[in-house]
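Peer 1: In the UniProt record's numbering, the protein residues as written are 1 to 189. Glycine included, every Cβ here is placed at the ideal spot set by N, Cα and C.
(1) Taking the straight line between their C-alpha atoms, what separation do you get for residue 181 and residue 56?
(2) How about the region 74-94 and the region 147-157: do they share at least three Cβ pairs that are nearer than 8 Å?
(3) Along the chain, where does the alpha helix (DSSP H) that runs through residue 80 open and close?
(4) Is the CB-CB distance between residue 37 and residue 79 below 8 Å?
(5) Shortest alpha-carbon distance to residue 106 belongs to which of 42, 184, 16, 21?
(6) Please confirm whether residue 43 and residue 158 have their CB atoms less than 8 Å apart.
(7) Would you check if the distance between the CB atom of residue 179 and the CB atom of residue 135 is smaller than 8 Å?
(8) Does any CB atom of chain B fall closer than 8 Å to the CB of residue 189?
(9) Extract the residue ranges of the alpha helix (DSSP H) inside the region 74-144, only unbroken runs of 4 or more that lie entirely within it.
(10) By the three-class DSSP mapping on this structure, what secondary structure does residue 174 have?
(11) Throw me the rounded Cβ distance for the residue 54 and residue 48 pair, which I believe falls under 8 Å.
(12) Does DSSP put residue 184 in a helix, in a strand, or in coil?
(13) For residue 128 and residue 109, I'd like the C-alpha separation in whole angstroms.
(14) Check whether the Cβ atoms of residue 99 and residue 187 sit closer than 8 Å, and answer yes or no.
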């Protein structure tokens, strides 16, 4: 999510996004409606790109995951998800990925998870893009952790507003802990 999106408001800015068609959405309104709920699918898209070299349209991923119960559309239009448990059979059946839900962990335990898992999709507060701030809560947004080296963690943030907060972000474990909800999805090698 860029600063322009944050400043103007996500929905109205997304309605003007010229890249909406590459998302696989049926129309720009569908794209704008779903975009704020796709951080988990963005993480999956990055995993699939790393594994296969192919870019899968994000809305196709979301609709497939919805079919498994990973997203629930409420009658009033609200979207709930990503719901972790249905995500696991979705990625197993559709992409032959071994994934598991992990809860009740500390940041330090992610290093152990990464010894057997190639990636960890971690629940953090979306304000992680501004690491100097104190988050009002933990969780609600997903980032893709790729490595821990000493006391530093490396991840990709689908809503980073500049490259430094989006790609190969490096942050101290101590700082990351402030945003981390202690849960996520491990994707094994």
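Peer 2: The structure says:
(1) 28 Å
(2) no
(3) Residue 80 -> not in any alpha helix (DSSP H); beta strand (DSSP E) instead, spanning 79-81.
(4) yes
(5) 184
(6) yes
(7) yes
(8) Looking for chain B here will not work: only one protein chain is present.
(9) 84-95, 107-116
(10) helix
(11) 7 Å
(12) strand
(13) 19 Å
(14) yes
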